[in-house]
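To start, the structure under review is shown below, and the notes come after it.
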Amino acid sequence: MTFSPGRVALSVVALSTATGGFIFDWNHTHVFNERWPPHAKFHDGQTMSTGFLLGLSALYYLFRTCNSPAMKRDSLRTATWLLSLNWIAQLSAALYPGSLPVDPEFGGGFPQAYICAFLFLLIASGFSFEHRRLRFEEKRD
């Protein structure tokens with residue numbers, strides 16, 4: 066198992082994806098917000114669970130044993146796509162009617178956009194580094 070810079074960057078995103086919802090939502094602004102109706106909490110739970118499952122799935126594809134160069138490349142693309150889905154969904158949520166990135170009682174703005182931009186940069190960098198490493202490995206063999 067290789068811990069290359071690309072895999073490390075993608076693993077950081079995978080761990081952020083798997084745990085971020087619980088870190089940022091398991092508090093008075095979301096899960097324990099008395100003003101939120103039960104159905105809103107249900108969907109927040111759905112979002113946290115989805116992030117957890119996407120992060121774990123990406124880690125599986127990043128570190129599974131692959132027997133061919135084609136399988137390694139496919140695993141890298143799959144992990145990258147899985148990691149991107151959660152953050153694309155988070156950004157797109159602001160486009161739905163009546164939605165706000167932050168409840169007015171807790172401030173304003175769109176702080177998630179900065180988090181997403183940073184994680185997309187890590188995803189792109191991690192993919193690029195790992196893709197280059199795999200190409201080099203193929204040429205060497």
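For the sequence shown, this note's numbering begins at 66 and goes up steadily by one.
Using N, Cα and C, we set each Cβ at its ideal position, and we do this for glycine too.
- The segment 184-196 and the segment 94-102 do not touch, with fewer than three beta-carbon pairs separated by less than 8 Å.
- For V77, the enclosing alpha helix (DSSP H) begins and ends at P70 to D90.
- Rounded to the nearest whole angstrom, the CA to CA distance from F68 to P102 is 44 Å.
- Per the C-alpha coordinates, the member of S149, D139 and K137 positioned closest to V77 is S149.
- The Cβ-Cβ distance between L80 and G116 does not fall below 8 Å.
- By the Cβ criterion, the segment 144-160 is in contact with the segment 121-128, since at least three pairs of Cβ atoms, one from each stretch, lie closer than 8 Å.
- If only complete runs of 3 or more residues are kept, the segment 119-144 shows no beta strand (DSSP E) anywhere.
- In the displayed model, G110 falls within a helix according to three-state DSSP.
- Annotated three-state conformation of F175 is coil, per DSSP.
- Per the coordinates, the alpha-carbon of P176 lies some 21 Å from the alpha-carbon of S114.
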